[in-house]
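Below you'll find the structure, written out as structure tokens, and then a few comments.
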Amino acid sequence: MNGRKPPWWSQRTAGCPIGAVVCAHPAELDGRQDLLLLRNLVAVVRPSALEPKPDEQHEVDYCYGPDTITKSLHDRSVEPLLQKFVEGYNTAVIVFGSTGTGKTSILEGRKGTAIDDDSTNSSGQEGLAQLVGTSLFEMLEDKQVSTGAPPQCTKPRL
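One rule links them: number in the numbering used here = place in the sequence shown (from 1) + 729.
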């Protein structure tokens, strides 16, 4: 990326991998978007500029656009962390942003979506909390079956 050093927060520490994934919702200023979103780059574009300044470009592991459904985010970026968690590693997913940027929608799902008796959402807009819970119990069940271990917990009925 233009031969410059990435920001400190995106650098990896030996033995402590940290990934930065962005789900961005660019705003339009005077008919122009304020963010340039590429697969591994987020750049701020100022209204008076034709292109972003080098210090306002940030490399990320993956950048999701505003039309991304939560299931895609879960499958690509969260489920691999969940698999590591089941294997005994510490993992975390941190969702942050300004007010009104969709943090609650990402975690809880979109309002007005119905959940059927099988705990699946017909619209594909389940929240990360529901998707992670479902995946976790499936992974634990698969691990139990593969190791022959007695059940440690049961999946709650919603």
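Don't be surprised by glycine CBs; every beta carbon is placed ideally from N, CA and C. It should be emphasised that the depicted structure is a prediction, and the values quoted were computed from it without experimental measurement.
Point to revise | Assigned secondary structure, A753 (DSSP; H/G/I helix, E/B strand, else coil) | key: Working through the sequence shown from its first residue, we reach residue 753 at position 24. Coil, per DSSP.
Review point. According to the neighbour-count rule (16 or more other Cβ atoms, all chains shown, within 10 Å of its Cβ), is A753 buried or exposed?
Key: Counting from one through the sequence shown, the residue named residue 753 turns up at place 24. By the 10 Å Cβ count, A753 comes out buried.
Review point. Along the chain, where does the beta strand (DSSP E) that runs through Q786 open and close?
Key: Walking along the sequence shown from the start, residue 786 turns up at place 57. Looking at the DSSP string, the run of the beta strand (DSSP E) that includes Q786 is 786–788.
Check your understanding: Grouping DSSP H, G and I as helix and E and B as strand, with all else coil, what is E837?
Key -> For the purposes of this step, residue 837 is taken as the residue at position 108 of the sequence shown. The answer is helix: DSSP assigns E837 an H, G or I state.
Practice item. Give the secondary structure of E938 by DSSP, where H, G and I count as helix, E and B as strand, and everything else as coil. Key: The question about residue 938 has no answer, for the chain in this structure spans 730 to 887.
Point to revise | V774 (DSSP reduced to helix, strand or coil) | key: Translated into positions along the sequence shown, residue 774 becomes position 45. Note: V774 maps to coil in three-state DSSP.
Check your understanding: Alpha carbon to alpha carbon, what distance is there between V789 and G748?
Key -> The sequence position of residue 748 within the sequence shown is 19, counting from 1. The sequence position of residue 789 within the sequence shown is 60, counting from 1. Cα-Cα distance, rounded: 8 Å.
Check your understanding: DSSP three-state call for L719: helix, strand or coil?
Key -> A query on residue 719 cannot be resolved here, the shown segment of the chain reaching from 730 to 887 and no further.
Check your understanding: Considering only residues of the same chain and omitting the five flanking positions on each side of T876, which have a CB-CB separation below 8 Å?
Key -> Sequence index remark: in the sequence shown, residue 876 carries index 147 (1-based). None.
Review point. Taking only runs of the alpha helix (DSSP H) that begin and end inside the segment 779–833, which ones reach a length of at least 4 residues, in chain order?
Key: 799–802, 808–815
Practice item. Identify which residue in A756, L766, V861 has its Cα closest to the Cα of P809. Key: Walking along the sequence shown from the start, residue 809 turns up at place 80. The shortest Cα separation from P809 among A756, L766, V861 belongs to V861.
Exercise for review: Decide yes or no for the touch test of the segment 811–830 against the segment 769–785: beta carbon pairs closer than 8 Å, at least 3 of them.
Suggested key: no
**Study point:** Outcome for I823 when other beta-carbon atoms lying within 10 angstroms are tallied against a minimum of 16
**Key:** For the purposes of this step, residue 823 is taken as residue 94 along the sequence shown, with counting starting at 1. Flag for I823 reads exposed.
Practice item. Determine the direct distance from the alpha carbon of T833 to that of G889, and round the result to whole angstroms. Key: Residue 889 lies beyond the range of the chain shown here (730 to 887); nothing can be said about it.
Practice item. Taking 7 Å as the cut-off, decide whether the C-beta atoms of G680 and Q854 are in contact. Key: Summary: the structure shown does not reach residue 680, with the chain confined to residues 730 through 887, and so no result is reported for it.
Review point. Are V774 and P781 touching if we call contact CB-CB under 7 Å?
Key: Taking the first residue of the sequence shown as 1, we reach residue 774 at position 45. Taking the first residue of the sequence shown as 1, we reach residue 781 at position 52. Yes. Within cutoff.
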